[in-house]
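Comments concern the structure below.
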Amino acid sequence: MSQGLIQGSMREAPLPDIIQLVSQGGKTGCFHVSEELHKARIYLKDGRIVHAVSNDCEGLDAIYEVALWLDGHYHFEENDPGVEVTITKPNPSILMEMHRRMDEWRVISQKIPSLDLHPHTTLLPGETPSGVNPREARLLTLATGYYTVAELAEVLEKPVLNIAKDLYGLVMGGHVVLKGVRSGKRPEVPGKPAPAAEKPQPAPPPPPAEPEPAPVVTEPVGLAPDPPSLPAEPEMPVRVELRPAHAAPRPLAPAQDPVRLAKLTNFTQRIVQTAKGALPPEHHEMVNRLQAKANQQLVAGEGPEAVKNLALAVSRGAVDAGCDGDTVKNLNAHLKALFAK
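In terms of the UniProt record's numbering, the sequence shown opens at residue 1 and continues consecutively.
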């Protein structure tokens, strides 16, 4: 800050903290925020947030979009632009929600560093993943490499942070990879009408027939050799073990070793105790539900895979429940330590 100009970067001084500082002084003016090609303006009147606008939206949506610009820069100009009031929510609620979204995005951005990347499913045709919820399953049908993360949010008419959270779970599960360039075909979006077919154009009249040339006598030749076969396309990498949708379900284990089953069950209990020690009490019921599901899978004979999926589900559940970045990071560190022993 120099000569009364308030400026900085989101990494060094989070924008919500600076807005709070300015609002306490009762100032009127505009925060100009930018991150690469994205730009936004947040207007204050007597210290209260009254309006915001970005490239794509305005009002609260614009403010919450800015919360995802972790590498953004800002500066404040003190003036009275006389903008219309589109925001009536009190400052503390807005700034608290900005902080929450920034914390979530810090965790998600470890796997989804940009909203301009193209999610691409790792599933082979006919294969279905296990352990995904209906929202994630719908995303998988659209993750052909054509849409970016931001475009998926627009197509599905959902907040981009919600789409990123679901993609985070799919990336963590190995069901999706992110690419920097557009590829694949444009998928059909369920529930949206297909684009109207273009009217067929009348065929052009055939050209006038030319006289057939006189036959030319040549020496007989043999049949042309078969064209070389095209090389087989490389198979798409599969990050997790998947089962074809048409395949018969796995049979239950006819007889399980009770000692081995007891050890695996005890390990799930250690995961649960570790998770409850790292998470606030309001999320313990979520951990209990995931443990019950894992124990059912153990009885069905899924073995160590069920234990590993329990740890992944607890981590994803913490993110979906809105836990802050430090809590999720601490949880993941303790879970990894369990498997390292």
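Backbone N, C-alpha and C define an ideal beta-carbon position, used for all residues, glycine too.
Limits of the unbroken beta strand (DSSP E) element including residue i
i: residue 7; result: 6 to 9
i: residue 119; result: 118 to 121
Residues that DSSP places opposite residue i in a beta bridge
i: residue 39; result: 34
i: residue 48; result: 45
i: residue 29; result: 44 and 78
i: residue 54; result: 40
i: residue 88; result: DSSP lists no partner for residue 88.
i: residue 73; result: 9 and 34
i: residue 144; result: 120
Range covered by the alpha helix (DSSP H) that runs through residue i
i: residue 179; result: Careful: residue 179 lies outside any alpha helix (DSSP H), inside the beta strand (DSSP E) at 176 to 179.
i: residue 158; result: Segment: none, residue 158 is in no alpha helix (DSSP H) and carries neither H nor E.
i: residue 317; result: 304 to 320
i: residue 283; result: That residue, residue 283, is in no alpha helix (DSSP H); it is neither H nor E in DSSP.
i: residue 110; result: Element bounds for residue 110: n/a, residue is neither H nor E.
i: residue 185; result: Looking at the DSSP string, residue 185 is not in any alpha helix (DSSP H), and its letter there is neither H nor E.
i: residue 332; result: 325 to 340
i: residue 21; result: 15 to 24
i: residue 62; result: 60 to 66
Under 9 Å between C-beta atoms of residue i and residue j
i: residue 160; j: residue 147; result: no
i: residue 105; j: residue 60; result: no
i: residue 122; j: residue 72; result: no
i: residue 318; j: residue 262; result: no
i: residue 53; j: residue 44; result: no
i: residue 131; j: residue 80; result: no
i: residue 314; j: residue 298; result: no
i: residue 55; j: residue 67; result: no
i: residue 65; j: residue 38; result: yes
i: residue 406; j: residue 126; result: Summary: the structure shown does not reach residue 406, with the chain confined to residues 1 through 341, and so no result is reported for it.
i: residue 75; j: residue 6; result: yes
i: residue 94; j: residue 167; result: no
i: residue 24; j: residue 47; result: yes
i: residue 320; j: residue 169; result: yes
i: residue 118; j: residue 158; result: no
i: residue 325; j: residue 107; result: yes
i: residue 264; j: residue 304; result: yes
Residue environment, residue i, which counts as buried when at least 16 other CB atoms sit within 10 Å
i: residue 171; result: buried
i: residue 339; result: exposed
i: residue 284; result: exposed
i: residue 311; result: buried
i: residue 136; result: buried
i: residue 102; result: buried
i: residue 327; result: buried
i: residue 21; result: exposed
i: residue 62; result: buried
i: residue 290; result: buried
i: residue 302; result: buried
i: residue 96; result: exposed
i: residue 226; result: The predicted model places residue 226 with a pLDDT of 44, which falls under 50 and marks its position as unreliable; any figure quoted below should be read in that light. Residue 226 is exposed by the Cβ-count criterion.
i: residue 124; result: exposed
i: residue 181; result: exposed
i: residue 278; result: buried
i: residue 165; result: buried
i: residue 306; result: buried
i: residue 309; result: buried
i: residue 281; result: exposed
i: residue 16; result: buried
i: residue 11; result: exposed
i: residue 92; result: exposed
i: residue 134; result: exposed
i: residue 90; result: exposed
Nearest-angstrom Cβ-Cβ length linking residue i and residue j, presumed shorter than 8 Å
i: residue 295; j: residue 268; result: 6 Å
i: residue 152; j: residue 142; result: 6 Å
i: residue 163; j: residue 149; result: 6 Å
i: residue 33; j: residue 42; result: 7 Å
Contact test: residue i Cβ vs the ligand GDP heavy atom, cutoff 8 Å
i: residue 27; result: Ligands in the displayed structure: none, and consequently the ligand GDP is not present.
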